[in-house]
Each structure stands twice: as C-alpha cells, then as structure tokens.
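Residue numbers (my numbering): 1 to 474.
Cβ coordinates follow ideal geometry from the N, Cα and C atoms, glycine included.
Below: one structure, written as structure tokens.
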Ligand code: BGP
C-alpha cells in the first residue's frame with residue numbers, strides 16, 4: 001500500500017518568516033523580530049548577545065518579510081492551484097496577545113487568522129497550525145525571562161483557550177511548539193531565553209523545557225476538551241545520528257545524540273521523563289522544576305501524532321582527529337564523507353529520512369507527519385524571469401521516494417508531508433532571503449528590496465503533478 005488516500009500534501013511556513021506587518025493590526029514585538037541579518041544573528045538567536053530593541057545599524061528581515069500579511073489571498077490561491085491538501089502556518093502569539101500577559105485578546109489579530117483559515121477552506125486546504133513557531137512576545141521575555149518562568153505556562157494556556165475556541169471547526173490539526181528541541185541549540189530563537197552573566201545555561205534550558213512540556217500537555221488537554229476532533233502533534237527537529245565508525249564509543253555517542261532530542265518527544269508522546277535523562281540531569285546537577293500534579297498532567301495528555309522536520313542526518317565521532325564539521329539546521333555535526341551537501345553545507349541524505357521515520361515509528365508507534373523538508377538554494381531567474389530549479393525537484397523527489405519506502409516497505413503510518421518554505425521566505429538560520437526553498441519565487445533580496453511579485457518556479461508544476469498522482473509520479 002502506498003500513501004493514504006487522504007494523504008495531506010502541502011507546504012509549510014512560519015509567521016515571522018513570511019508575514020511581515022510586524023507593527024500592524026495591534027501586533028506586539030516578539031523575540032523573532034529582533035534577530036538581525038549578519039554576524040550578530042547567531043549570537044542573538046543563541047542567547048549569547050542581548051538585542052532587545054531594534055538597532056538602526058542592523059537590518060531585521062522579519063519586519064516585512066514577504067508581506068504575506070497583506071498578500072495571503074494571492075498566496076493561498078497559488079497553493080490551491082498546486083493542489084495543496086494542507087497548509088502549515090503559525091500563529092504569531094503577539095498578534096493575539098500583543099504583550100502576552102493580557103487577559104483580553106486582540107480582536108484584529110484573531111480576525112486576521114480567522115480570515116486566513118477561511119481562505120484556506122475556500123480552496124479545500126486543511127490548515128495545520130503551529131501555535132508557536134519560535135516566537136515569544138518580547139514583553140514576556142523582558143518581564144518574566146521567557147520560558148524560564150512558570151508563569152509562561154499560564155499565558156500560553158490563555159492563548160490556547162482563545163484560539164481553540166475561536167477556530168473550532170476551522171482548524172483541526174495543531175502543533176504545540178515548533179522544533180521543541182531547538183531550546184537546547186538556539187535558546188533565544190527557540191524559547192526567548194537570554195542568559196545572564198554566570199548563569200547555569202543548562203539549568204535554564206531544562207527548566208524552560210519543563211515549562212514548555214507542561215504547556216504542551218495543557219494545550220493537548222484543552223484541544224481535546226474543546227473539540228474531540230482536534231488532533232495535536234509535537235514537533236521535533238529530527239535527523240538520525242550515525243556513528244562515524246563501528247567503534248563502540250562512536251556508536252554510543254550517536255545513541256546519546258539521538259536521545260538528547262528524543263528527550264522531548266519521550267515526554268510528549270509517552271508521557272514520562274525517560275530514565276536516561278533523569279540520571280543525566282541528576283549527574284549534571286540540573287533540577288527540573290516539577291510541582292505537584294505536573295507528572296500526572298504529562299502522563300494524561302500525550303500527543304496524537306509525531307511531527308518533525310528533516311533536512312539531514314548527522315554524524316558523531318569520539319576521535320578528536322575526526323573534526324571536519326558540516327553545517328546543518330542550527331546545530332553542526334561531523335562531516336559525512338559519503339554525502340553531498342547544499343550550498344549552505346547541509347548534507348543531503350534521503351535514506352536518512354527513511355531511517356529517521358523508522359526510528360520515530362518504532363519508538364512511539366503513533367502516526368508521523370513530516371512537516372518540514374526541503375532544499376535551501378540560490379535561485380537565479382533566467383533571462384525570461386523563470387527559475388528552473390531542477391536541483392530542488394531532484395532533492396524533493398529523492399526524499400519523497402524515501403518516505404514512500406518507509407510507508408510501503410516498512411509499514412510506517414504517515415499522515416502527510418509539507419515541504420518547508422513552499423513560497424520563498426526569510427531563512428530562520430541566516431535571516432537571508434537568498435536562501436530559498438519555494439515553489440513560488442518572491443522578488444525580494446537580502447536587503448529587503450524588490451517588488452514582492454510572486455512567480456512560479458519549475459518545481460511548481462512538478463509538485464502539482466506529485467500531489468495529483470498521490471506521489472506516484474515523481
Ligand atoms: C527549521 C525551522 C524553520 C526553517 C527551517 C529551514 O529549523 O523550523 O523555521 O527556517 O528550519 O532553516 P533555514 O531557514 O535556516 O534554512
């Protein structure tokens with residue numbers, strides 16, 4: 001058997017990387033608005049450098065992004081033309097609660113997403129909504145220290161109550177936190193965390209992780225109470241870890257690297273902190289701020305499905321001489337000599353997707369949903385303005401083939417597939433516009449210049465055909 005008949009083909013975006021309109025409709029400022037392009041970006045997103053206000057010497061691409069805030073109708077029509085069954089997008093928390101700790105939501109923000117979801121439905125597109133895709137209102141960062149504070153759990157709960165009730169019947173698929181494990185690797189971008197001098201960073205990260213995990217369980221509980229039709233997923237930045245050699249120490253290092261990320265999903269899907277993590281945290285002197293009732297809540301409200309992003313596999317070695325690194329989705333790894341890489345050094349490994357799917361399905365035995373996959377590349381329009389992106393088609397076809405193998409040959413239950421950045425948008429890692437993933441080209445450059453005109457790349461018609469044939473014709 002191949003893909004399900006109701007397989008959810010589509011594409012994915014995130015509010016701060018495509019909407020723009022950062023100060024319109026009553027929206028408040030968020031952490032993700034303050035990540036500039038250039039050498040300061042990495043220190044800012046990893047919480048090493050404090051940038052809590054705009055600085056005129058920097059350029060902040062999220063301010064206007066690709067202006068989807070004003071152009072979503074045109075963009076969703078193009079998704080509809082490709083035959084999308086689903087469109088993954090995120091809600092900007094600070095559009096709904098500009099400060100984050102108010103009791104009353106901002107009607108203009110709520111209305112914006114209501115209209116957007118209705119527009120999706122008009123084109124028979126099922127919205128798949130990420131409640132927080134890296135964003136946290138800046139007021140919550142400044143006043144409470146973001147997710148290090150338990151108060152954030154309550155603010156997130158308010159947000160969930162409001163959106164689940166308001167969008168009942170319009171939205172059924174929800175993801176609680178995008179790439180929840182990114183809290184460990186890019187703590188400011190992932191969770192609004194900034195570190196004070198001398199602070200124990202690992203303590204802060206795991207403390208914040210406990211709060212996010214609690215918030216995720218509460219969201220799952222409310223979603224199911226408000227509408228039993230609701231399906232809630234966790235979301236992992238996935239990518240299996242290979243051992244560089246069969247030396248047992250290398251194998252163990254790869255296992256440990258996998259577990260560092262599984263930690264989150266173990267809690268969200270199995271409902272318990274895994275034994276290996278509790279031991280490790282104890283050894284490191286890190287305390288999880290567990291209060292009465294927390295463990296029961298985590299146990300009772302586990303997710304319905306497991307979603308993840310996959311761009312690449314990773315490699316672990318314990319040999320100091322094996323030190324050639326390769327870039328990847330925020331966290332780097334040892335270079336794999338058997339793989340080619342993208343222009344940004346992300347290694348290309350379709351079989352790694354099949355392995356990752358099997359790892360996750362074996363471990364959790366819940367349906368999977370691939371909610372990000374794609375190739376970031378420099379697309380240059382030819383003299384007629386066309387982008388002939390055969391390299392993207394090749395990348396996607398190979399990955400779809402691998403996921404098909406996981407479904408057909410290994411029996412993995414897969415709900416859907418949304419490619420990352422189905423329309424060109426701002427890169428999360430670099431802030432650049434020239435790193436493009438889309439089927440739709442957007443005329444905008446790294447400095448924010450351009451007409452913002454949308455045009456179809458070669459991959460547009462290719463993906464349309466893939467969807468029309470339910471993945472048979474690649
Ligand atoms: C993931 C994020 C996305 C996205 C993607 C590609 O980590 O969830 O927001 O941007 O990676 O990364 P980049 O934009 O750095 O190429």
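First and last residue of the uninterrupted alpha helix (DSSP H) at residue 466: As a position in the chain shown, residue 466 is number 466, starting the count at 1. Segment 458 to 468, the alpha helix (DSSP H) holding residue 466.
Is it the case that the CB of residue 420 approaches a heavy atom of the ligand BGP more closely than 7 Å? Here residue 420 refers to the residue found at position 420 when the chain shown is read from its first residue. Indeed, a heavy atom of the ligand BGP lies less than 7 Å from the Cβ.
Alpha carbon to alpha carbon, how far is residue 248 from residue 325? Indexing the chain shown from 1 puts residue 248 at position 248. Indexing the chain shown from 1 puts residue 325 at position 325. Distance between the alpha carbons of residue 248 and residue 325: 21 Å.
So, at 7 Å on beta carbons, what are the nonlocal neighbours of residue 407 in its own chain, with the 5 sequence-adjacent residues on each side left out? Taking the chain shown and counting its residues from 1, one reaches residue 407 at position 407. So the qualifying residues of the chain are 2, 3, 414.
For residue 430, is the beta carbon positioned less than 7 Å from some heavy atom of the ligand BGP? Taking the first residue of the chain shown as 1, we reach residue 430 at position 430. Result yes, Cβ under 7 Å from the ligand BGP.
Extent of the continuous beta strand (DSSP E) to which residue 89 belongs: Residue numbering aside, residue 89 sits at position 89 when the chain shown is read from its first letter. Here the beta strand (DSSP E) through residue 89 covers 86 to 90.
I'd like the list of long-range same chain contacts for residue 374, defined as Cβ closer than 8 Å, with 5 residues on each side in sequence excluded. Counting from 1 along the chain shown, the entry for residue 374 is found at position 374. Result list for residue 374: 311, 392, 395, 396, 419, 420, 421, 437, in chain order.
Between the region 275 to 283 and the region 213 to 221, are three or more C-beta pairs nearer than 8 Å? Contact between the region 275 to 283 and the region 213 to 221 is absent, because fewer than three Cβ pairs lie under 8 Å.
Element boundaries [beta strand (DSSP E), containing residue 11]: Numbered from 1 along the chain shown, position 11 holds the residue referred to as residue 11. Looking at the DSSP string, the run of the beta strand (DSSP E) that includes residue 11 is 8 to 12.
Give the straight-line distance between the Cα atoms of residue 253 and residue 316, rounded to the nearest whole angstrom. One-based indexing of the chain shown puts residue 253 at position 253. One-based indexing of the chain shown puts residue 316 at position 316. Between residue 253 and residue 316, the C-alpha separation is close to 6 Å.
Through-space distance from residue 5 to residue 401, alpha-carbon basis: Numbered from 1 along the chain shown, position 401 holds the residue referred to as residue 401. Numbered from 1 along the chain shown, position 5 holds the residue referred to as residue 5. Rounded to whole angstroms, residue 401 to residue 5 spans 17 Å at the Cα level.
Since residue 79 contacts residue 20 with CB under 8 Å, what's their CB separation in whole angstroms? For this step, residue 79 is matched to residue 79 along the chain shown. For this step, residue 20 is matched to residue 20 along the chain shown. That pair is no contact at about 18 Å.
7 Å CB neighbourhood of residue 269 in its chain, flanking five on each side removed: Residue numbering aside, residue 269 sits at position 269 when the chain shown is read from its first letter. Cβ within range, chain order: 234, 302, 303, 306, 364, 366.
Please name the residue, chosen from 222, 137, 221, 47, that lies closest to residue 196 on a Cα-to-Cα basis. On the chain shown, position 196 is the one that residue 196 refers to. If we check each option's Cα against that of residue 196, 47 comes out closest.
Beta carbon of residue 82, beta carbon of residue 439: below 8 Å? Here residue 82 corresponds to residue number 82 of the chain shown, with the count starting at 1. Here residue 439 corresponds to residue number 439 of the chain shown, with the count starting at 1. Yes, Cβ-Cβ distance for residue 82 and residue 439 is below 8 Å.
Assigned secondary structure, residue 255 (DSSP; H/G/I helix, E/B strand, else coil): The residue you call residue 255 lines up with position 255 of the chain shown. In the structure shown, residue 255 falls within a helical segment according to DSSP collapsed to helix, strand and coil.
Assess, as a yes-or-no matter, whether the region 170 to 189 is touched by the region 113 to 124 under the definition of 3 or more beta carbon pairs within less than 8 Å. yes
Compute the distance between the beta-carbons of residue 28 and residue 137, then report whether it is under 8 Å. Stepping through the chain shown from its first residue, residue 28 is reached at position 28. Stepping through the chain shown from its first residue, residue 137 is reached at position 137. Yes.
Out of 328, 237, 424, point me to the one whose CA is closest to residue 190's CA. Residue numbering aside, residue 190 sits at position 190 when the chain shown is read from its first letter. Of the candidates 328, 237, 424, the one whose C-alpha sits nearest the C-alpha of residue 190 is 237.
Please identify the residue among 87, 23, 60, 32 whose C-alpha is closest to the C-alpha of residue 417. Locating residue 417 in the chain shown gives position 417, where the first residue counts as 1. Per the Cα distances, 87.
Where does the unbroken beta strand (DSSP E) through residue 72 begin, and where does it stop? Position 72 of the chain shown, counting from 1, holds the residue named residue 72. Annotation for residue 72: no beta strand (DSSP E) segment contains it, though the alpha helix (DSSP H) segment containing it runs 68 to 82.
Is residue 330 near the ligand BGP, judged by its Cβ being under 7 Å from some heavy atom? Indexing the chain shown from 1 puts residue 330 at position 330. Yes, the beta carbon of residue 330 sits closer than 7 Å to at least one heavy atom of the ligand BGP.
Using a Cβ-based criterion (distance less than 7 Å to any ligand heavy atom), does residue 17 qualify as near the ligand NAP? Absent from the structure shown: the ligand NAP. Ligands present: the ligand BGP.
Mind checking whether the beta-carbon of residue 119 lies closer than 7 Å to any heavy atom of the ligand BGP? The residue you call residue 119 lines up with position 119 of the chain shown. Every heavy atom of the ligand BGP is 7 Å or more from the Cβ of residue 119, so no.
Distance cut-off 7 Å: residue 21 Cβ against heavy atoms of the ligand BGP: Locating residue 21 in the chain shown gives position 21, where the first residue counts as 1. Not under cutoff, so the answer is no.
Looking at the secondary structure, which residues open and close the beta strand (DSSP E) in which residue 166 lies? Here residue 166 refers to the residue found at position 166 of the chain shown. That residue, residue 166, is in no beta strand (DSSP E); its alpha helix (DSSP H) goes 151 to 166.
Confirm the yes/no value for this check: CB of residue 299, any heavy atom of the ligand BGP, distance under 7 Å. Sequence index remark: in the chain shown, residue 299 carries index 299 (1-based). Because no heavy atom of the ligand BGP lies under 7 Å away, the Cβ of residue 299 does not count as near it: no.
Beta-carbon within less than 8 Å of residue 15's beta-carbon, same chain only, minus the 5 sequence neighbours each way: which residues are those? Against the chain shown, residue 15 aligns to sequence position 15. The answer, listed in chain order, is 89, 90, 91, 92, 95, 133, 135.
In this structure, does DSSP put residue 267 in helix, strand or coil? In the chain shown, counting from the first residue as 1, residue 267 sits at position 267. It is helical.
Looking at the ligand BGP, does it come within less than 7 Å of residue 179, judged from the CB to the closest heavy atom? Here residue 179 refers to the residue found at position 179 of the chain shown. It does: the Cβ of residue 179 is within 7 Å (strictly closer) of some heavy atom of the ligand BGP.
Taking the alpha helix (DSSP H) that residue 188 falls in, what are its first and last residues? Sequence index remark: in the chain shown, residue 188 carries index 188 (1-based). Taken as a continuous stretch (DSSP letters only), the alpha helix (DSSP H) holding residue 188 covers 187 to 191.
Top-ranked residue by Cα proximity to residue 262, from 427, 159, 356: Against the chain shown, residue 262 aligns to sequence position 262. Looking at the Cα atoms, 356 is the closest of the given residues.
Tell me, to the nearest whole angstrom, how far the beta carbon of residue 147 is from that of residue 193; I am working on the premise that it is less than 8 Å. Mapped onto the chain shown, residue 147 falls at position 147. Mapped onto the chain shown, residue 193 falls at position 193. The pair is a contact, with the Cβ atoms about 7 Å apart (cut-off 8 Å).
For residue 85 versus residue 9, is the C-beta spacing smaller than 8 Å? Indexing the chain shown from 1 puts residue 85 at position 85. Indexing the chain shown from 1 puts residue 9 at position 9. Yes, the pair counts as a contact, with Cβ atoms nearer than the cut-off.
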